[in-house]
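Add 700 to a position in the sequence shown, counting from 1, and you land on the number used in our numbering. A short write-up of the structure that comes next.
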Amino acid sequence: MIALFVVFTNPTHAQTNSIVPDETKSKALELAQKIEQQRLFVQAAATAEDVIRSSKPHGEKLVSLRRLVMDSVFRNGAPIEDLLPAYRSFAEQTGSHRDAAIAEIIRLQLLLQGEENDETIRKSNLNALQQYRSNPDWFVAQRAALMESTLPTYQGNFDIALRDTQNALRLIPSELSDDVIEAQYETYDQIAFIQLSLINIELGVETTEQILNKGIAQNRAIDGIGLINNLTYVFNSWQEFETAELLAGALFRLSQQVDGNKNDLAYYRYGQAQNNGGHYAEALETLNEGIALTDDPDLKPSLELARAISFAGLNQIDKAENSLHEYEKLLAQSKLSPNEHQAIKLKVQALIAIAKNDAPSTAKLLNDQLKSIVQLQLSRQSKGIQSLQANLENDKDRQAEREVALLREAELKQSELEAKQRSNVFLMALAGSLLLIAAAAIAFAIWSQKISKILEIAALDAEAGDRAKSQFLSVMSHELRTPLNGIIGIAGILSEKGETEELRNYNKLILKSGENLLQLLSGILDMAQMESGKLSIVTAPASIREIINGLYQAAKADVDDSKVQFTCFVADNVPDDLMLDSIRVKQGLSNLIANAVRFTEEGRIHIHATMSDPDRKGVRDLTMIVADTGQGITDEVKEKLFKPFVQADSSLTRSHDGAGIGLAVTRGLSRLMGGDVTMTSTAGRGSEFKMVVKTCAATDAAINPATNRPIFEVVPTESTKIDFSPAVSIEKLRADLAAREKAQLEQESLTPAVEEPINSEREAESDEFELTDEDEAEFETIAGDITDQSEQSTESPNLGNETLSVPKSTENPRAGFSRQQPRSDSPEIEPDQLTGLNILVVEDIEANLEILRSLLEPVGCSVSCAENGQVAIDIMNAQSFDAVIMDIRMPVMDGIEATKAIRSLPEPQCNTAIIALTADASAENNAECLAAGADVFLTKPVIVSELFSSIRFARRKQLRQKQQQALSA
């Protein structure tokens, strides 16, 4: 009996010949030591209000709240009734569909683990939870599967829970990201708990190590006390009392370090381990402190029963029996099952019997204790087997359903076979016909082979043409940009360092014109490369905040702050570094901002950038919106606005310049970056352009092993090429052609007797005649007579003698306006012959206006300026001019209408010489200008010799018309 007492009261002998590997014991103790040394425990759970009030971005706040809620449910026991509503409310306020869904998943899980007895409600909640498993966001679907896998643990079905949790683990993507690490942490934490609950000591220790390492890597608030408590429990269950006591000691010491939050469970674990190790006096001291500390009615019976073991081990029989009696009372007041501590209770009674030297009672109690332990293990196994059996029955039901489906499929195939047999009879009847068809097919194959060769040759030609086109684009890009680089560079230097203010201003105009031309050239080349599929996107880490701020500051200089409110905003959830092609993003966004500034004279312009939640691959949508309250866009223009060379206002009186390729290029670039450009607009109220591109945070991007730099490959949208289809219908083109032919016929009937001056090498010497000095003298005499007879005497400056080359043929009205260089034998212009002329220049572009002024004023002309046709009419109503140089495309009133209006004025204004000057060199535009009343038609860029000779010609033409009018009178 004494030997039995020694063995029974010294459970450390149970570790002799242990089957638990020493590596597992050492690993568990190392984990406990690591937790204790690094103080890995939750001091005080942060409140939701603390997180929301912090200065973190919204995205980081949501992650912190989500982790707090998960810790509250599974680890530290913080009050979930405050955390969960705050988490859900903040998710809805910030528009995070992901976190709103996870908040609902946790709410459903809490309801299902509660005490709801209505089976209908439970099934409804379970069905709602299971629906989230098919959510397109993998993070939401995986969290739903994980939360559902915890439900069997509340019924003790740990085998089923382990299987479901492992299935949830498979839903996590293999690509590494913050979301993946968080999902792994939560899932491995559940697996570790289940493994330890199943008393699977080796896997439990291994999974606990994974949880600890992942928690440290994620900077999570690790519940080290809970982890050591679970390890202590499983080693106690394996009768590894020496290791369990060491773990419980670490647990107890760690719990003493928690400020103001003593862990009363640690007292029980430590006292229990000390009892199992035979250290009854130390155990009694520990348990007395725990009983005095705890207020938990479900923990008090356990502490009291452990104290009874300590009394019995110290041979204090009366105290042991009193403690056992107190345990019975506390058990009745708790929610614990009467059989909760049956094996431990039998152990106490056996120790008391041994102390009393009651051998029969001791033997009976030992047998009862062994029976209780065996029945407990068998009960656990039975529950697991029953759960597996239930799942097996479900599998059998599904197998039966599959067998029925297979039977139906077999019957269907049999029916199809019979139908095929019937059709075979018909096919045999057609066999003869097929022989004839086969012969025809052979002939067709021979013909097809020839066609294939032709098509192959055509394909090779097309490929060669494509290569030639690419080479042409490359050469043109270089050859056009090279001189532009010199022009822009030198103009930039002279605009800053010119000798005079006037010279610096001229060079600023050159610089601005060169930059506009370079922008147009770049747009056309980009558009051509996109059309041929040669433009590629190269991503690298970039700050969208810096890009938007740079564009905002640059554009703000062109905005009148007194009339337009210009603002920009970048959402907090936009990461600092994104994988972008910053050059192309800046190019596209710059086009949208420039349009908003150009078309908004008053009101507001706003730039807005937001970021969507990542998909399962970490890819996000970066949305950049440029909204304005400008003139808006009509429904007619909306349909073709994104086509190349289409402008919102294509009339001659449009107020804004531009070639109409910016939006087409912007949409093409956005589609190459996996997004698109869309537009909503109302005429008269403003427009909103939305540019979306695919991107990801630089921290989420894959790493190129060769360069050790982040990489992100953009998948273009389905349609990345620019639509080059006509912006107008064929019917409209035919109608316009008929109108132009009619205007040309009318112009031919109005062709003046004297043709315009020319500088063309296309006319032969024999096809020209000269106005001689005698003719000139006679002309000046007649003109003088007319002037004398006029009621209003006007002194005209001396135009001097000059040779004019005039083509005899009038079949080609544009023959006299070739842009070739003047012939070497053409007479030299004498600028001083223009001295004293009063000239009105009508031009809306400042650079062109300054060019004309700088050409005319040095030769003695007096130059007045008007920015559009209406201003020119107002000036001419109050003043007479010798000549008008008229631009055609201008706002308010274009040059055509202004020319007609001048010809309708009273004399002498109606007889003023008018020179049409435009960049549109088409024959139709020429005819329209001359039909409106222009005397000469010139094209830009202006050539000095043509300008001076045209002024003299127009003056002579008007004088000759006066002569004819005088003779006819």
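Glycine is no exception: its CB is placed at the ideal position from the N, C-alpha and C atoms. All values reported here derive from a predicted model rather than from experimental measurement.
Scanning the stretch 1369-1413 from its first residue to its last, the whole beta strand (DSSP E) runs of 3-plus residues come out as 1376-1382, 1386-1395, 1402-1404, 1409-1411. Secondary structure at Pro-1241: strand, using DSSP grouped into helix, strand and coil. For Glu-886, the number of other beta carbons within 10 angstroms of its own is at least 16, and it is reported as buried. Per the coordinates, the alpha-carbon of Thr-1334 lies some 48 Å from the alpha-carbon of Arg-843. The stretch 868-878 makes contact with the stretch 843-859; the number of CB pairs closer than 8 Å reaches 3 or more. In this structure, Gly-1223 and Ile-1187 do not form a Cβ contact; the two beta carbons are roughly 18 Å apart against a cut-off of 8 Å.
Note on geometry: alpha-carbon atoms of Ala-1257 and Asn-1291 lie some 16 Å from one another. With fewer than 16 other Cβ atoms inside 10 Å of its own Cβ, Asp-782 counts as exposed. The stretch 1242-1249 and the stretch 1274-1291 touch, with no fewer than 3 CB-CB distances between them shorter than 8 Å. Annotation: Ala-1398 to Phe-1412 spans about 9 Å, alpha carbon to alpha carbon.
In the DSSP assignment, the residues bridged to Asn-1538 are Ser-1562. In the three-state scheme derived from DSSP, where H, G and I count as helix and E and B as strand, Thr-943 is classed as helix. Membership of Arg-1320 in the beta strand (DSSP E) is indicated by the continuous run 1320-1328.
In this structure, Val-1414 is the residue among Asn-1404, Pro-1410, Val-1414 with its C-alpha nearest to the C-alpha of Thr-1395. With contacts defined as CB atoms closer than 7 Å, Leu-1024 and Val-1048 qualify as a contacting pair.
When Ile-1545, Ala-1601, Ala-1547, Val-1559 are compared, the shortest CA-CA separation from Ala-1572 is found for Ala-1601. The beta carbons of Ala-1191 and Leu-1211 sit closer together than 7 Å. Membership of Gly-1303 in the beta strand (DSSP E) is indicated by the continuous run 1303-1311. Val-1264: member of the beta strand (DSSP E) spanning 1264-1270, first to last residue. Assignment of Leu-1217 by DSSP, reduced to helix, strand and coil, places it in the helix class. Judged by DSSP secondary structure, Asp-750 falls within the alpha helix (DSSP H) whose first and last residues are 748-753. DSSP places Ile-1585 in no alpha helix (DSSP H) but in the uninterrupted beta strand (DSSP E) bounded by 1583-1587. Bounds of the alpha helix (DSSP H) holding Ala-732 are 722-737. Here the alpha carbons of Ile-1643 and Val-1636 stand approximately 14 Å from one another. Non-local beta-carbon contacts of Leu-740 in its own chain, meaning distances under 7 Å to residues more than five positions away in sequence, involve Ile-922, Gly-924 in chain order. Shortest Cα-Cα distance from Arg-1385 to any of Gly-1368, Asp-1328, Glu-1339 involves Asp-1328. Two segments are said to touch when three or more pairs of C-beta atoms, one from each, lie closer than 8 Å; by this definition the stretch 937-954 does not touch the stretch 906-917. In the DSSP assignment, Ile-1615 forms a beta bridge with Ile-1585, Val-1636.
In this chain, Leu-862 is not harboured by any beta strand (DSSP E); it is covered by the alpha helix (DSSP H) spanning 858-870. Take Ile-1651, set aside five residues on each side of it, and the residues of its chain with a beta-carbon closer than 6 Å to its own are Ala-1583, in chain order. Under the DSSP assignment, Leu-811 falls in the alpha helix (DSSP H) whose first and last residues are 797-812. One thing to note: Leu-1369 has its Cβ no nearer than 7 Å to the Cβ of Met-1324.
Taking 8 Å as the upper bound for CB-CB distance, Leu-1540 and Ile-1575 are in contact here, some 7 Å apart. Residue state for Met-1227 is assigned as helix, using DSSP reduced to three classes. Following the DSSP letters along the chain, one finds Met-1590 in no alpha helix (DSSP H), marked with neither H nor E. With contacts defined by Cβ atoms closer than 7 Å, Asp-1400 and Ser-955 do not form a contacting pair.
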